[in-house]
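Input: a single structure, listed below in structure tokens.
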Amino acid sequence: MSGAFASLWRSRAAAAAITRHVVPAQLPLPCTAARRGLHAPSSPAAASAASAATAAAPSTAKPPTGVLLLNMGGPADQDEVYPFLFRLFSDHDLIPLPFQKRLAPWIARRRTPSIKQQYAQMGGGSPIRHWTERQGQLLCAELDRVHPATAPHKPYVAFRYAQPLSEVALEQMKRDGVRRAVALSCYPQYSCSTTGSSLNELHKQLMQIDPAGDIAWQCIDRWPTHPGLVEAFAQHVEKALEAVPEAERANVPILFSAHSLPMTVVNRGDPYPQEVAATVHAVMARLQFRNPYRLVWQSQVGPQPWLGPQTADSITGYGKQGQKHLLLVPIAFVSDHIETLYELDVENQHLAAEAGVTLHRAESLNDSPVFIDALVDLVRGRLAQPAQPAHHQLGLRCPQCTNPKCAETKAFFQSSGPCTSSESTL
14 MSGAFASLWR SRAAAAAITR HVVPAQLPLP CTAARRGLHA PSSPAAASAA SAATAAAPST
74 AKPPTGVLLL NMGGPADQDE VYPFLFRLFS DHDLIPLPFQ KRLAPWIARR RTPSIKQQYA
134 QMGGGSPIRH WTERQGQLLC AELDRVHPAT APHKPYVAFR YAQPLSEVAL EQMKRDGVRR
194 AVALSCYPQY SCSTTGSSLN ELHKQLMQID PAGDIAWQCI DRWPTHPGLV EAFAQHVEKA
254 LEAVPEAERA NVPILFSAHS LPMTVVNRGD PYPQEVAATV HAVMARLQFR NPYRLVWQSQ
314 VGPQPWLGPQ TADSITGYGK QGQKHLLLVP IAFVSDHIET LYELDVENQH LAAEAGVTLH
374 RAESLNDSPV FIDALVDLVR GRLAQPAQPA HHQLGLRCPQ CTNPKCAETK AFFQSSGPCT
434 SSESTL
């Protein structure tokens with residue numbers, strides 16, 4: 014999260030670097046979606062309007078199967094920055110703080126002015142809602158084609174810290190008459206602070222909005238080595254390497270950058286570091302280990318020990334060792350947001366320039382056709398092969414778990430409805 018907390022570089026070059034990655038004017042459709050005659054939305058506003066229009070459409074005779082995409086979210090505009098930060102710092106699953114109810118609003122107020130400046134450089138808000146809604150629309154359109162038994166499929170978005178929140182999505186699902194739903198975590202690698210937090214909040218809201226259990230739930234909570242995910246990352250790495258002079262290409266270190274985690278969380282037994290490492294190893298195996306590589310960690314906040322080495326320190330360190338090219342790969346994010354567009358593309362580019370390094374960055378997955386097909390495969394497998402409500406790993410709490418909510422949430426999603434565990438090879 015230091016992308017939201019670090020100092021702002023205000024140069025025109027920084028703004029241009031961000032603008033190139035935020036949202037193109039016209040986005041290419043994956044081939045599977047193109048076959049269905051879909052048209053790309055021209056802007057985040059158009060995508061949101063299209064989503065709203067879909068929500069307002071009259072119900073079909075057959076109730077839709079809901080596909081609920083879980084992610085952290087981001088402020089859509091300047092007015093949402095403080096509420097976003099307040100919710101984020103209030104989440105004990107993500108940032109355990111003493112006296113959290115008092116500290117959260119105080120920290121959020123202090124951070125808001127600088128964060129507003131950063132989002133102003135990105136057009137005023139985060140593109141994460143645009144990308145998440147687009148992923149859901151393309152996913153469900155293809156699901157209707159390949160798995161008509163559970164069609165129509167309708168996408169919903171539940172963000173943890175920004176609109177639309179879980180309760181907003183659930184209320185819409187109830188109005189739409191949804192009786193069967195799949196909760197799809199947009200975090201490929203499970204962490205108690207990300208997927209765990211989202212599921213805890215979803216369960217809390219379900220107990221209030223659907224206490225009778227009218228919606229039968231299935232859950233996809235992790236998929237770190239899914240072949241489609243690995244292939245999508247590998248293709249983006251190969252494309253990024255093409256920008257490196259051929260004579261130097263094979264020797265360019267690949268830095269797989271993932272959001273860091275406090276060691277207090279890791280030492281409780283959070284599986285996130287191992288699952289991120291599994292993704293990295295699978296991608297490098299697909300690339301036949303042609304390049305040297307490292308797993309590095311970004312977005313450390315505060316003085317306590319976190320997973321390392323830090324991405325920024327790795328860039329400067331390799332610069333001192335004489336490396337002239339480095340390739341960054343955001344390995345734990347499935348779309349662009351402030352931590353890719355600002356932290357990687359602006360702050361780290363500045364550090365690399367100072368260190369004499371040319372820093373390359375693999376594009377985020379966003380609406381990659383291969384990635385969308387991976388999502389389709391995940392959800393189709395879950396719907397087509399009912400076996401167990403969630404992956405068996407979900408039921409295993411951290412050995413030093415301190416959160417009583419986890420036991421209730423895990424028990425709920427392991428008993429709510431049938432699903433398959435085919436999405437993960439861990």
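Under the working numbering, think of the first position of the sequence shown as 14, with each following residue one higher.
Just so it is clear, CB atoms sit at the ideal spot from N, CA and C, and this is done for glycine as well.
Checklist entry - Count the other CB atoms within 10 Å of the CB of T422; is the residue buried (16 or more) or exposed (fewer)? => result Answer is buried; the Cβ neighbour count reaches 16.
Item to check | Nearest-angstrom Cα separation, counted from P316 out to R7 | outcome: Outside the displayed span of the chain (14 to 439) sits residue 7, for which this structure offers no information.
Next on the checklist: So, under 8 Å CB-CB, I228 and R193 are touching, yes? Tell me the CB distance rounded to an integer number of Å.
Outcome noted: Taking the Cβ atoms as the reference, I228 lies roughly 7 Å from R193, within the contact range of under 8 Å.
Next on the checklist: Give the list of continuous beta strand (DSSP E) stretches no shorter than 3 residues that lie fully inside the region 288-312.
Outcome noted: Correct list: 306-311.
Checklist entry - Is the region 229-249 close to the region 273-292, with three or more CB pairs under 8 Å? => result The answer is yes - the region 273-292 touches the region 229-249, with three or more Cβ pairs under 8 Å.
Item to check | Inter-residue spacing [alpha-carbon to alpha-carbon] between K167 and Y203 | outcome: A straight-line Cα-Cα distance of about 24 Å links K167 and Y203.
Item to check | Extent of the continuous beta strand (DSSP E) to which N280 belongs | outcome: For N280, no beta strand (DSSP E) encloses it; the enclosing alpha helix (DSSP H) starts and ends at 276-280.
Next on the checklist: Between which residues of its own chain and A263 is the CB-CB distance below 7 Å, once the five residues before and five after are set aside?
Outcome noted: The residues R303, N304, in chain order, have a CB closer than 7 Å to that of A263 in the same chain once the five nearest residues on each side in sequence are set aside.
Next on the checklist: Rounding to the nearest angstrom, what Cα-Cα distance links P224 and G137 in this structure?
Outcome noted: Using only the alpha carbons, I get a separation of about 38 Å.
Checklist entry - Per DSSP, what kind of secondary structure is V264 in: helix, strand or coil? => result It should be pointed out that residue 264 corresponds to Asn in this sequence rather than to Val. It is coil, neither helix nor strand.
Item to check | Inter-residue Cα distance where the pair is G190 and G79 | outcome: Spanning the two alpha carbons is a distance of roughly 10 Å.
Checklist entry - Run through DSSP, which three-state label would Q231 get? => result Of the three classes helix, strand and coil, the one that applies to Q231 here is strand, per DSSP.
Next on the checklist: Could you compute how far the alpha carbon of A65 sits from the alpha carbon of L183?
Outcome noted: Per-residue confidence for A65 stands at a pLDDT of 47, beneath the threshold of 50, marking its modelled position as unreliable; no derived number is given.
Checklist entry - So K114 is in the alpha helix (DSSP H); what residue range does that whole segment cover? => result Where K114 is concerned, the enclosing alpha helix (DSSP H) stretches over 113-133.
Item to check | Backbone CA spacing between E244 and W144 [nearest angstrom] | outcome: C-alpha of E244 to C-alpha of W144: approximately 20 Å in a straight line.
Item to check | Option in V383, R299, L101, R281 with minimal Cα separation from L178 | outcome: Nearest option by C-alpha distance: L101.
Checklist entry - Does DSSP put L388 in a helix, a strand or coil? => result Correct three-state label for L388: helix.
Item to check | Option nearest L82 by Cα separation, candidates R123, P96, S211, P165 | outcome: Nearest to L82 by C-alpha distance, out of R123, P96, S211, P165, is S211.
Checklist entry - So which of P140, A271, V293, R147 has the shortest CA-CA distance to L320? => result Nearest C-alpha to L320: A271.
Next on the checklist: Looking at L396: is its Cβ nearer than 8 Å to the Cβ of V195?
Outcome noted: At the C-beta level, L396 and V195 come within 8 Å of one another.
Checklist entry - Roughly how many angstroms lie between the CA atoms of S429 and P322, to the nearest whole one? => result So the two alpha carbons sit approximately 40 Å from each other.
Item to check | Separation of K187 from P76, as counted between CA atoms | outcome: The alpha-carbon atoms of P76 and K187 are separated by roughly 10 Å.
Item to check | N-terminal and C-terminal residue of the beta strand (DSSP E) that Q353 is part of | outcome: Position check: residue 353 holds Thr in this sequence, whereas Gln was assumed. No beta strand (DSSP E) holds T353; DSSP gives it neither H nor E.
Next on the checklist: Does W310 pass the burial test, meaning 16 or more other C-beta atoms within 10 Å, or should it be called exposed?
Outcome noted: W310 should be labelled buried.
Checklist entry - Taking buried to mean at least 16 other C-beta atoms within 10 Å of its own C-beta, is L107 buried or exposed? => result Per the 10 Å Cβ criterion, buried.
Next on the checklist: Bridge partners for V195 per DSSP, in chain order?
Outcome noted: Looking at the DSSP output, V195 sits in a beta bridge with V80, Q231.
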